[in-house]
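Here's the structure, in structure tokens; my notes come after.
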């Protein structure tokens, strides 16, 4: 089983869910999309079989997935953790919330990891979106025209060290470093909010570097670091000089446009190499 | 020497420089204040012998200190790291900038530590402000009426663990934890900016906890974690339930008012105990 059944796509916001659906169909697989209400981009998902369902209506979601013969699942596209008062779980939702238990209060990793575990227990095979979007996970080295100089490479190394140290604590996936100085560390606010405060923290001299990496042990089936055109716009607006990411485990929404924007703004877009990642902590 | 000479106070912003001056005079010591232009509160410093001097006019500063027979120095009150274009060092300033070297580009610890080193080389004995403001460094346990409950104590423990891990990286002195989830980590933006983004990151259930601690190896003569009435106002405004700090090495501006505000807002104000600090990382 698993290889032959329909692929269920649990779709949050942004363009990636539709891209996964397109690739899966191109590979000859049947797809069915659960479009999370208030998050999923229905215009993009319209071409694919889908239903719009509330995030917390776990019973409805599971029934729809089973009704469409889904054997494999892909969780893709960001959703905000809903406030309790908005959650209103259905009966199955309440049962699943109970099974998630304390993970609900832990970091995103903990919660999403628990969701993947519960979906596995329900009989689904949960796949990573990067299995479908290989073309969008970048590669090592410089992607556009601008190359990181020596100072930028040192800042990338410092950022990598910082993220490794934070990894064990289930905190953030990003930081901004300028000339060895850590301007900002991402926790729950997300990369865009972090970038937004960097403009006024920036010191004289050349701009900072955004480094993004998944946390050690981060379940990529539940949550992957993502870079999109907005990341590059935001980096440029806040005076950064480049973005470094870990290829293979970072999703780029619209990679072609990302490279275009990097070139237009004179930013580097750099995939960390094996050697960068070996840099000692 | 040292014990008999005048105490030079290098005064940044806020009420603490004037408090140090008052305590030093009460102990029978002569004081002389270098009030940093654009930072120092001249109204509070008016009662004490002082000169207003630009931060980067190192030559002027050193001459004034020597002219007043200063043997000991206290650096107290925050200053923002100036932008290069505003720095305009005088001749001695340029010489000292050269001696600070790469430290200028390192974390605040690195830079301020180097400033303390250079002042030592110039023949001054640099003292910690907490030697004068012992009454304002708090004590272990609950300071006001509200005590941290079991969940809050767990969040304090998690925050302590996070800050210890960040300490080695010379990043921040604070973080906010809610029900085990790290909402925010302080880097260069400062505690107030970090608190300001926590309101909208807060999850359902009871509010978060601010934990503040100096970094391992942080030179307290150069920089101490500080809590003031504004910290408590800001914590309350953003839905936090309390503030934990390391007593003896944290300065409270106006401790009486801090406790009053904690009580008024129903926040705990908690000094970490030896046991809290031993909590394994």
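Protein chains in written order, with this note's numbering: chain A, 1 to 281; chain B, 1001 to 1281.
The C-beta atom is built at its ideal place from N, Cα and C for all residues, glycine as well.
Which residue comes first and which comes last in the alpha helix (DSSP H) that contains residue 265 (chain A)? 255 to 265
With contact counted as at least three CB pairs below 8 Å, one residue from each stretch, are the stretch 27 to 38 of chain A and the stretch 48 to 59 of chain A in contact? yes
Rounding to the nearest angstrom, what Cα-Cα distance links residue 213 (chain A) and residue 1171 (chain B) in this structure? 18 Å
Output the distance between the C-alpha atoms of residue 181 (chain A) and residue 1264 (chain B), rounded to the nearest integer angstrom. 38 Å
Complete alpha helix (DSSP H) runs within the stretch 1164 to 1221 of chain B (minimum length 4 residues, chain order): Whole alpha helix (DSSP H) segments, 4+ residues: 1191 to 1196.
Inspect the CB distances between the stretch 1111 to 1120 of chain B and the stretch 1227 to 1246 of chain B and report whether three or more fall short of 8 Å. no
Is there a C-beta anywhere in chain A that falls below 8 Å from the one on residue 1197 (chain B)? yes
Between the Cα of residue 1072 (chain B) and those of B:1006, B:1097 and B:1196, spot the shortest distance and give me the residue it belongs to. B:1006
Of the listed residues B:1004, B:1043 and B:1205, nearest to residue 1017 (chain B) (C-alpha basis): Nearest to residue 1017 (chain B) by C-alpha distance, out of B:1004, B:1043 and B:1205, is B:1043.
When A:218, A:67, A:99 and A:127 are compared against residue 76 (chain A), the one with the closest alpha-carbon: By alpha-carbon distance to residue 76 (chain A), the top candidate from A:218, A:67, A:99 and A:127 is A:127.
Beta-carbon of residue 1121 (chain B) versus every beta-carbon of chain A: anything under 8 Å? No, residue 1121 (chain B) does not count as interfacial toward chain A.
Simplified DSSP state of residue 59 (chain A), which is helix, strand or coil: Three-state DSSP puts residue 59 (chain A) in a helix.
For residue 135 (chain A), which of helix, strand or coil comes out of DSSP? helix
Member of B:1144, B:1056, B:1271 and B:1129 whose CA lies at the smallest distance from the CA of residue 1021 (chain B): B:1129
Short check: CB of residue 19 (chain A) to CB of residue 133 (chain A), under 8 Å? yes
What three-state label does DSSP hand residue 231 (chain A) in the structure shown? helix
Chain-ordered residues of the stretch 163 to 189 of chain A with a beta carbon less than 9 Å from chain B: 165, 166, 168, 169, 170, 171, 172, 175, 176, 178, 179, 180, 181, 182, 183, 184, 185, 186, 187, 188 and 189
Can you name the residues that DSSP bridges to residue 1011 (chain B)? B:1035 and B:1076
For residue 1014 (chain B), count neighbouring Cβ atoms within 10 angstroms of its own Cβ and tell me buried if that reaches 16, exposed if not. Under this definition residue 1014 (chain B) is a buried residue.
What does a CB cutoff of less than 7 Å around residue 215 (chain A) pick up in its chain, not counting 5 residues either side in sequence? Around residue 215 (chain A), the same chain offers 109, 167, 170 and 173 as residues with beta carbons nearer than 7 Å, after the five sequence neighbours per side are excluded.
Residue 1309 (chain B) (DSSP reduced to helix, strand or coil): Any property of residue 1309 (chain B) remains undetermined from this structure, which presents chain B solely from 1001 to 1281.
Helix, strand or coil at residue 113 (chain A) according to DSSP, with G and I counted as helix: helix
What is the DSSP secondary structure of residue 1052 (chain B), counted as helix, strand or coil? strand
Taking Cβ positions, are residue 211 (chain A) and residue 163 (chain A) nearer each other than 8 Å? yes
Rounded C-alpha distance that separates residue 148 (chain A) from residue 275 (chain A): 15 Å
Rounded distance between the beta-carbons of residue 1206 (chain B) and residue 1154 (chain B), thought under 8 Å: That pair is no contact at about 11 Å.
Does the separation of the CB atoms of residue 38 (chain A) and residue 62 (chain A) fall below 8 Å? The Cβ atoms of residue 38 (chain A) and residue 62 (chain A) lie no closer than 8 Å to each other.
Mind listing the chain A neighbours of residue 1114 (chain B)? Cutoff is C-beta to C-beta under 9 Å, in chain order. Simply none; closest approach about 13 Å.
Please check if any C-beta of chain A sits within less than 8 Å of the C-beta of residue 1193 (chain B). yes
How about residue 220 (chain A): is its C-beta nearer than 8 Å to some C-beta of chain B? no
Going by the beta-carbon positions, is the gap between residue 12 (chain A) and residue 89 (chain A) smaller than 8 Å? The answer is no: Cβ separation not under 8 Å.
Contacts of residue 201 (chain A) in chain B (Cβ-Cβ under 7 Å): 1188 and 1189
Cα-Cα separation between residue 74 (chain A) and residue 10 (chain A), rounded to whole angstroms: Spanning the two alpha carbons is a distance of roughly 6 Å.
Tell me whether residue 1152 (chain B) sits in a helix, a strand or coil according to DSSP, three-state version. helix
Where does the unbroken alpha helix (DSSP H) through residue 1093 (chain B) begin, and where does it stop? 1091 to 1100
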